[in-house]
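Chemist: Pasting in a structure now, in structure tokens, and then I'll have a few things to ask.
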Amino acid sequence: MNLSKGIALLMLCLGSLATLAQKRQPQPAAAPPAQPIKVTVDATQAPQKILHAQLQIPVAAGDVKLVLPKWIPGEHGPTGPIADLTGLKFFANGQRLAWRRNLDEMYEFHVTVPQGVTTLEATLDLVMPAPPEGFSSGASATTQLAMLSWNQVVLYTPGRHSDDIPVVASLKLPAGWRYGTALQVAGESGGQINFKQVPLTTLVDSPVLAGAHFRRIPLTPEGPIQHYIDQVADGDAALEMPQQTIDQYKRLIAETGALYGARHYREYHFLLTLSDHTAHFGLEHHESSDDRVPERTIVDDDARWLAAGLLPHEMTHSWNGKYRRPTGLATRDYQVPMQGDLLWVYEGLTQYLGDILAPRAGLWTKQQFLDEAAETAAALDHTPGRSWRPLQDTADAAQILYGAQPEFANWRRGVDYYPEGFLLWLEADTLIRQQTKGQKSINDFCLIFHGGGSTLPQVKTYTFDEVVSTLNQVTPYDWKKFLRDRLDTYGPGAPLGGITNGGWKLVYDDKASEFTSAMEKVRNVVDARFSIGLELDDKGGVHDVIVDSPAWKAGIAPGTTLVAVNGRKFTADLLRDALKAGKGNGPNLELLVVNGDYFKSFTLNYHDGEKYAHLVRDETKQDILSDIIKPIAK
Ligand SMILES: [Zn+2]
């Protein structure tokens, strides 16, 4: 997954078949026969924010348990939208059947099926939220488009592995809407799309993006494997991706081929939603990704490059997360709790690889990569929560941290295995390059770990020990100690070894980088984190106050509003001017803040001016960072 959060743009699943077979539970004797579930979704009222589904579920007579998928792959948590499941009715032989929810498990319903009945019919509605926040169960439909995540409209009888539950799905769309999906189509008739039978695993892994404004961009028409960007927007103008950007995404496909040495999908679809009225995030799938960004993201120059890490990140997950998956995240069905302890590989390595693929493909310039890396390092260097919560716990606690509020993020810590994973894997890459005098790199790790010959989608699970042994295959080193030191120890400072090994230094000056300037403009924020410790929006809303910063010591709380600077009504420029004027022997900073119903003035004895993060060359060392981001595709 890859999420857009707060001030920084951070980037929101099976072993070989033999491995799978070994870990499957034996089927209970009373398991219903492996006839397909039939699900028909009517999305013609999606603009009214409701989906209707009809299901035919093979069952045996007696007490039948039906569940809505709870633990959603890629979201690493129990995020199935159970509260939005409405209109639920069951029928057998035309007779309505009563149901009751399990008091200990809100995702589970019980129905008594009469003798002789082999098919249970169900109808349900999914009501779709409007606020543009959250992940796949957040806002997913506008008047012009909709994203259908099948897990939100399908009930199944648990007991078998989701690979062994066949489903035949159909979909009705509003008139004139077009669609993109990795699902294969059997045929279309009477306004209904009929998909080929697939396992429940594949259905849940293959959402459908549809809309009135649709553009498909083929990236590899020459084959042998097809890649598409399927774009849907709230208006046609937003679909005009510049040719140069299309060419960069074509290079991304070539660069992933060179990095991983194999592909594990039949074809690949970027399902790109461009809307200000849906949630904004990325969610990986094996043969597609659900990528949702604001409407003008690909037509606005700053917004486009700021978001350019998203698609490389989500596509990387096809190898790192889908094909290779930690054992604790490769659950047999959607009701089994997931364990996130290796998310620093699943998401952290993906963050690193996505961020080096972007410049390799030309989606970022070298300077943009350096600015992004500086931002990541500086933000972690200003995360005092590192003093109490080790990186390992950010992964262990993933299922609660994704939903945490922005206030006190620096003290609580969030899903830091994304940005800190970037630094950890950057350091590993520089160490491999130093140890092997440039002969080996993380690219060799990827060839072993993610390659191994192209296959159709399948899952190969891994453990911590296999990560260590694969690193040792690339080059012998005490990788176990290296990793555990970075996972289990406490700050305060961020781990900057990758940057320093790479021949660069993290510094601060009073000139905002291209990254910071673009972020302030596109995201309507003011970045005063590294100076007085405030993360603000451009209306003065205080999203967070860095604990132990000048603003914190003065007494300012997160969730308040800065209304005046030195006696004058707040604007972003006014605050910047006041920071400049206070530098050296200038005056103290007077900030008037409203906290609930009360106004209070705070005095900051701060005289260091504006502070923004950059990477600068350390000329005493070899420039490994620049080597890392050079294209590798022939
Ligand atoms: Zn991710």
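Numbering (our numbering), first residue to last: 1157 to 1790. Note that CB positions come from ideal geometry on N, CA and C, so glycine has one too. All of these numbers come straight from a predicted model, not from anything done at the bench.
Which residues in the same chain as lysine 1205 place their Cβ atom closer than 6 Å to its Cβ, once the five residues preceding and following it in sequence are excluded?
Modeler: Correct list, in chain order: Met1284, Ala1297.
Chemist: Aspartate 1386 bridges to which residues according to DSSP?
Modeler: DSSP output for aspartate 1386 lists Arg1372, Leu1427 as bridge partner(s).
Chemist: Pairs of beta-carbons, one from the region 1534 to 1542 and one from the region 1635 to 1653, closer than 8 Å: are there three or more?
Modeler: Touching, yes.
Chemist: Report yes if the C-beta of glutamate 1440 is less than 7 Å from at least one heavy atom of ligand 1; otherwise report no.
Modeler: Flag set: Cβ of glutamate 1440 near ligand 1.
Chemist: Is the CB-CB distance between glycine 1230 and glutamate 1440 below 8 Å?
Modeler: It is a contact, given that the beta carbons lie within the stated cut-off.
Chemist: In its own chain, which residues sit with a C-beta less than 7 Å from the C-beta of leucine 1224, not counting the 5 before and 5 after it?
Modeler: Here the set comprises Gly1236, Ile1238, Leu1241, Tyr1263, Leu1311.
Chemist: Taking contact to mean 3 or more Cβ pairs, one atom from each stretch, closer than 8 Å, check whether the region 1357 to 1365 and the region 1423 to 1441 are in contact.
Modeler: The answer is yes - the region 1423 to 1441 touches the region 1357 to 1365, with three or more Cβ pairs under 8 Å.
Chemist: Applying the criterion that 16 or more other CB atoms from any shown protein chain within 10 Å of the CB defines a buried residue, is tyrosine 1405 buried or exposed?
Modeler: The residue in question, tyrosine 1405, is buried, as its Cβ has 16 or more Cβ neighbours within 10 Å.
Chemist: Return yes when at least one heavy atom of ligand 1 lies under 7 Å from the C-beta of threonine 1412, else no.
Modeler: Every heavy atom of ligand 1 is 7 Å or more from the Cβ of threonine 1412, so no.
Chemist: Select from Leu1395, Phe1437, Ser1431 the residue whose C-alpha is nearest the C-alpha of serine 1292.
Modeler: Of the listed residues, the one whose Cα sits closest to serine 1292 is Phe1437.
Chemist: Please say whether valine 1698 and glycine 1715 have beta carbons closer to each other than 8 Å?
Modeler: Closer than 8 Å, so yes.
Chemist: Report the partner residues of histidine 1770 according to the DSSP bridge assignment.
Modeler: Bridge partners of histidine 1770: Val1663.
Chemist: Could you pull out every unbroken beta strand (DSSP E) segment of at least 3 residues lying fully inside the region 1600 to 1664, listed in chain order?
Modeler: Taking only runs of at least 3 residues, the beta strand (DSSP E) segments lying wholly in the region 1600 to 1664 are 1616 to 1618.
Chemist: In terms of alpha-carbon separation, which member of Lys1661, Phe1620, Asp1198 lies closest to glutamate 1775?
Modeler: The candidate whose alpha carbon is nearest that of glutamate 1775 is Lys1661.
Chemist: Report yes if the C-beta of glycine 1158 is less than 7 Å from at least one heavy atom of ligand 1; otherwise report no.
Modeler: The question names glycine, but residue 1158 in the sequence shown is asparagine. At least one heavy atom of ligand 1 is nearer than 7 Å to the Cβ of asparagine 1158, so yes.
Chemist: What is the DSSP secondary structure of isoleucine 1238, reduced to helix, strand or coil?
Modeler: Reduced to three states, the DSSP call for isoleucine 1238 is helix.
Chemist: Tell me which same chain residues have a C-beta within less than 8 Å of the C-beta of glutamine 1183, skipping the five on either side of it?
Modeler: Unreliable placement is indicated for glutamine 1183, whose pLDDT of 45 sits below 50; no coordinate value is reported for it.
Chemist: Mapping DSSP to helix, strand and coil, what is valine 1310?
Modeler: The answer is coil: DSSP assigns valine 1310 none of H, G, I, E or B.
Chemist: Rounded to the nearest angstrom, what separates valine 1749 and tryptophan 1544 at their Cα positions?
Modeler: Their backbone Cα atoms lie some 29 Å apart in a straight line.
Chemist: Glutamate 1746 by DSSP, collapsed to three states: which one?
Modeler: It is a strand residue.
Chemist: Would you kindly work out how many angstroms separate the C-alpha atoms of lysine 1616 and arginine 1480, rounded to a whole number?
Modeler: If you take the alpha carbons of lysine 1616 and arginine 1480, they lie about 5 Å apart.
Chemist: What's the call for lysine 1179, buried or exposed, on a 16-neighbour Cβ count within 10 Å?
Modeler: Caution is warranted here: a pLDDT of 39 is assigned to lysine 1179, below 50, making its placement in the model unreliable, and the coordinate value is therefore given only provisionally. Lysine 1179 should be labelled exposed.
Chemist: Could you name the residues that DSSP lists as bridge partners for aspartate 1497?
Modeler: Note: aspartate 1497 sits in no beta bridge, so no partner.
Chemist: Nearest CA to the CA of aspartate 1572: which residue from Thr1586, Leu1587, Ile1556?
Modeler: Comparing Cα-Cα distances from aspartate 1572 to each of Thr1586, Leu1587, Ile1556, the minimum goes to Ile1556.
Chemist: Provide the residue span of the alpha helix (DSSP H) that contains glutamate 1528, from first to last.
Modeler: First-last of the alpha helix (DSSP H) with glutamate 1528: 1522 to 1537.
Chemist: Taking C-beta to C-beta, are leucine 1485 and methionine 1494 nearer than 8 Å?
Modeler: Yes, the Cβ-Cβ distance between leucine 1485 and methionine 1494 is below 8 Å.
Chemist: How about histidine 1473: is its Cβ closer than 7 Å to a heavy atom in ligand 1?
Modeler: Yes, Cβ of histidine 1473 sits closer than 7 Å to a heavy atom of ligand 1.
Chemist: Using a threshold of 8 Å, state whether the C-beta atoms of tyrosine 1502 and glycine 1465 are closer than that.
Modeler: No, the Cβ-Cβ distance between tyrosine 1502 and glycine 1465 is not below 8 Å.
Chemist: If you draw a straight line from the C-alpha of aspartate 1683 to the C-alpha of valine 1721, how long is it?
Modeler: So the two alpha carbons sit approximately 15 Å from each other.
Chemist: Quick one, which of Asp1733, Leu1498, Phe1265 has its alpha-carbon nearest aspartate 1219's?
Modeler: Nearest C-alpha to aspartate 1219: Phe1265.
Chemist: Just list the residues that DSSP pairs threonine 1717 with in beta bridges.
Modeler: Answer by DSSP bridge pairing, in chain order: Gly1697, Val1750.
Chemist: Taking the Cβ atom as the reference point for each residue, do leucine 1253 and isoleucine 1213 lie within a distance shorter than 8 Å?
Modeler: No, the Cβ-Cβ distance between leucine 1253 and isoleucine 1213 is not below 8 Å.
Chemist: Count the other C-beta atoms from every protein chain shown that fall within 10 angstroms of the C-beta of proline 1450, then say buried if there are 16 or more, exposed otherwise.
Modeler: Buried, since its Cβ has 16 or more Cβ neighbours within 10 Å.
Chemist: So is the beta-carbon of glutamate 1503 under 7 Å away from any non-hydrogen atom of ligand 1?
Modeler: Checking the Cβ of glutamate 1503 against ligand 1 gives yes.
Chemist: If you follow the alpha helix (DSSP H) that glycine 1541 is part of, which residue opens it and which one closes it?
Modeler: Neither: glycine 1541 is in no alpha helix (DSSP H) and is coded neither H nor E.
Chemist: Which residues in the same chain as leucine 1579 place their Cβ atom closer than 6 Å to its Cβ, once the five residues preceding and following it in sequence are excluded?
Modeler: Result list for leucine 1579: Pro1651, Gly1654, in chain order.
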